[in-house]
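Visitor:
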Amino acid sequence: MRITALAGGIGGARFLTGVRVARPDAEITVIGNTGDDITLHGLRICPDLDTVMYTLGGGISEERGWGREDESFVVSGELAAYGVGPSWFGLGDRDLATHLVRTQMIDAGYKLSDVVTALCDRWRPGVRLLPMSDDRVETHVIINDDQGRRAVHFQEWWLKLRASVPAEAILSVGAAESTPAPGVLDAIAAADVVLIGPSNPVVSIGTILSVPGIADALRVTLAPVIGISPIIGGAAVRGMADACLKAIGVETTARAVGAHYGGRHRDGETASAPERKGTSGGAERELGHGLLDGWLVDVVDADVAADPDAIPGATVKAVPLLMTDLEATVAIVEAALELAGV
Ligand code: FO1
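Going by my numbering, the first residue of the sequence shown is number 4, and it counts up by one from there.
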């Protein structure tokens, strides 16, 4: 069985550990978010790709959810002693080796997907990890604070500001000119099932969808596309997805995020873009991206599953969605595969 999953960072990586256990013989391809990527101290850092790689490769810090276990921050401390920041991005000594290898390879002319292949040759994550694009796409946030209206890198907004300053807009800088990395569109077209992991719908999944061609590939693939809500009972399970959703005018609910992704209209009508409005009895309503055949919500959001009109074109099912341990995560994956009918 060929499973293709879209994933961001910590939540997506944890979900993937369940996919690997639920279908150990499946060919699993992960399309990873690279919008979080940042260059610091001359090094190219890919937080979400590394989080997936370390989590599935057994090197992740379970306590932090990012970076390496048994980590030290000696170099980071030395940089601080020189007054060289930023102090808000924790760079571990072991993690630095990954960024050094990646930067060396990029400087030697390798594409990001080649770098990921090389790094995964060590970590053996048990999935094929693809960046969403080999082109540079970075998430920047427009804020307006005491320093005036300006754009900051997502990581600065996320880690230094803790998303406390409202985002006027969240931009995928470079996305319009980017193309999907080699293998990405094939992985969607040839899949037996596509899973949209419980990652941040804006800065992780939304960023992957901002690469031209990827959303369309999801709309036309013969594979069932099943999403897992990252929002339970009106709150993000982790991180600050609510701050991101507010920036794009989407409520922080499982219903709203599902409607934002949108149901697929297999009757030939598909939403061509999120701003496209469908009509139902004359009322204008958001058709969303037209991506989903199925949407998993948590049992506390069972009302969404009970409402046949919640996400037209998609079947909604309520199951426990808290990934409290590997067994719970595997059960979520099984529910998604059952909803896909695979
Ligand atoms: N997340 C944090 O909350 N604090 C950090 O200092 C931090 C550093 C960091 C370094 C490398 C890396 O791969 C990830 C890191 N993250 C950190 C997570 C990173 O900010 C992710 O992009 C977000 O958590 C969103 O997925």
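Heads up, the beta-carbon is just placed ideally off N, CA and C, and yes, glycines get one too.
Per DSSP, Met196 forms a beta bridge with which residues?
Guide: The displayed chain sequence assigns Val, not Met, to residue 196. Note: Val196 sits in a beta bridge opposite Ile6.
Visitor: CB-CB under 7 Å to Val302, same chain, minus the five flanking residues each way: which ones, in chain order?
Guide: Excluding positions up to five away in sequence, the list reads Ala321, Val322 and Pro323.
Visitor: Kindly indicate which three-state DSSP category Thr210 falls into: helix, strand or coil?
Guide: helix
Visitor: Take the Cβ of Glu141 as the centre, count every other Cβ of all protein chains shown within 10 Å, and call the residue buried at 16 or more, exposed below.
Guide: buried
Visitor: Cutting at 7 Å between CB atoms, please list the residues of its own chain near Cys123, excluding the five before and the five after it.
Guide: Met56 and Leu132
Visitor: Between Arg222 and Gly86, what straight-line distance do the alpha-carbon atoms span, to the nearest angstrom?
Guide: 49 Å
Visitor: Straight-line CA distance for Thr32 to Arg23?
Guide: So the alpha carbons of these two residues sit roughly 11 Å apart.
Visitor: Helix or strand or just coil, what does DSSP make of Asp149?
Guide: Judged by DSSP in its simplified three-state form, Asp149 adopts coil rather than helix or strand.
Visitor: Select from Ile13, Met4 and Arg97 the residue whose C-alpha is nearest the C-alpha of Glu66.
Guide: Ile13
Visitor: Rounded to whole angstroms, what is the Cα-Cα separation between Ile146 and Lys163?
Guide: 13 Å
Visitor: Taking only the alpha-carbon atoms, compute the straight-line gap between Gly68 and Thr54 and give it to the nearest angstrom.
Guide: When rounded, the distance between both Cα atoms is 8 Å.
Visitor: For Val228, which residues in the same chain have their Cβ closer than 6 Å to its Cβ, ignoring the five residues on either side in sequence?
Guide: Once the five neighbours on either side are set aside, the close Cβ partners of Val228 are Val197, Leu221, Leu294, Leu295 and Asp296.
Visitor: If you reduce the DSSP assignment to three classes, tell me which class Glu254 lands in.
Guide: coil
Visitor: Going by beta carbon distance, what residues of the same chain come within less than 8 Å of Glu278, once the five residues before and after it are set aside?
Guide: Residue placement at Glu278 cannot be trusted, given a pLDDT of 39 that sits under 50; what the coordinates show is reported in the next sentence. Nothing listed; no residue qualifies.
Visitor: With a threshold of 8 Å on Cβ separation, who are the neighbours of Thr106 within its own chain once the five nearest residues in sequence on each side are excluded?
Guide: Gly45, Leu46 and Arg47
Visitor: What beta strand (DSSP E) runs, 3 residues minimum, are completely inside the stretch 214-266?
Guide: Fully enclosed beta strand (DSSP E) runs of 3 or longer: 228-231.
Visitor: Does the separation of the CB atoms of Pro128 and Leu59 fall below 8 Å?
Guide: yes
Visitor: Would you say Arg139 and Arg97 are within 8 Å of each other, going by their C-beta atoms?
Guide: Against a cut-off of 8 Å, the Cβ pair of Arg97 and Arg139 comes out as no contact.
Visitor: With 16 as the cutoff for other CB atoms within 10 Å, does Pro185 come out buried or exposed?
Guide: exposed
Visitor: Which class does Ser116 belong to by DSSP, given the choice of helix, strand or coil?
Guide: helix
Visitor: Per DSSP, what kind of secondary structure is Ser79 in: helix, strand or coil?
Guide: Ser79: helix per DSSP, three-state reduction.
Visitor: Leaving out the 5 sequence neighbours to the left and right, which residues in its chain are closer than 8 Å to Ala84 when beta-carbon positions are compared?
Guide: none
Visitor: Confirm the yes/no value for this check: CB of Ser51, any heavy atom of the ligand FO1, distance under 7 Å.
Guide: Going by the sequence as given, residue 51 is Asp instead of Ser. True, at least one ligand heavy atom lies under 7 Å from that Cβ.
Visitor: Report the three-state DSSP secondary structure of Val187 (helix, strand or coil).
Guide: Under the three-state reduction of DSSP output, Val187 falls in the helix class.
Visitor: So what's Thr54 in DSSP terms, helix, strand or just coil?
Guide: helix
Visitor: Taking 7 Å as the cut-off, is the beta-carbon of Leu188 closer than that to any non-hydrogen atom of the ligand FO1?
Guide: Not so, every heavy atom of the ligand FO1 lies at least 7 Å from the Cβ.
Visitor: Do you know offhand how far Ala343's Cα is from Met4's?
Guide: 13 Å
Visitor: Between the C-alpha atoms of Thr210 and Ala309, what's the straight-line distance to the nearest angstrom?
Guide: Rounded to the nearest whole angstrom, the CA to CA distance from Thr210 to Ala309 is 30 Å.
Visitor: Assign Ala172 to one of three DSSP states: helix, strand, or coil.
Guide: strand
Visitor: Cα separation between Ile231 and Ile199?
Guide: One C-alpha to the other measures close to 6 Å.
Visitor: Looking only at its own chain, which residues have a Cβ that is under 7 Å from the Cβ of Ser175, when we skip the five neighbours before and after it?
Guide: Gly38, Val140, Thr142, Thr210 and Ser213
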